[in-house]
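These notes concern the structure reproduced below.
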Amino acid sequence: QIPSEVSTSKNQPLKILIVEHQTIVQIALKRILQGEFSQVSLDFADDLAKGIAYLTENEYDLALVDLQLPGDDPFTIVSDLKSTKKILLIALSAELSSPDKKKLRQLGVNAFLSKPPQREALLQSLQSLQHNWMHKEQP
């Protein structure tokens, strides 16, 4: 279980970028994350260009990214974000084939989360990556 007082190695709030075009999914992620962590900072982008802009201008511990953004394919989304800045990336998708998941892992996806997001699955993904953001390691 993830402690509710999660902080980075600098004792700062956990900073998460959420790149998701569906408002209802943004709200669900916000409720889960703010309900679990007393210190969490969230930024929301509803398309890839805004996500890249946020990533360029700010430091984040990790990003939750919709792989089905209108106008972009999953491989472009991941490669564009990862080429902008090294960041832990949890991919959000309603469905992905095993070959696509394998290719996306090779491009730098650290974990996958089904949509709609479920609290337990999100917390398990965060727990598996917690060591990485606390020590700023990029697998």
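Under the working numbering, the first residue of the sequence shown carries the number 35, and numbering increases by one thereafter.
No residue lacks a Cβ here, since even glycine has one placed at the ideal position from N, Cα and C.
Source: prediction; values computed, not measured.
- Message: Between which residues of its own chain and S159 is the CB-CB distance below 7 Å, once the five residues before and five after are set aside?
- Response: I124, A145 and L147
- Query: Where does V143 sit, in a helix, a strand or coil, going by DSSP?
  - Reply: coil
- Task: State buried or exposed for G85, treating a residue as buried only when at least 16 other CB atoms are found within 10 Å of its CB.
- Result: buried
- Item | DSSP state of S131 mapped onto helix, strand, coil | coil
- Taking DSSP as the reference, what is the three-state secondary structure of L71? It should be noted that the sequence gives Phe, not Leu, for residue 71. If DSSP states are grouped into helix, strand and coil, F71 belongs with coil.
- Item | Of the listed residues G69, S75 and F71, nearest to I52 (C-alpha basis) | S75
- So, using beta-carbon positions, are L156 and D95 closer together than 8 Å? no
- Message: Rounded to whole angstroms, what is the Cα-Cα separation between L122 and G105?
- Response: 23 Å
- With distances taken between CB atoms, is the gap from L98 to I66 smaller than 8 Å? no
- Query: Any idea what DSSP makes of D100, helix, strand or coil?
  - Reply: strand
- Q164 versus V59: straight-line alpha-carbon distance, rounded: 22 Å
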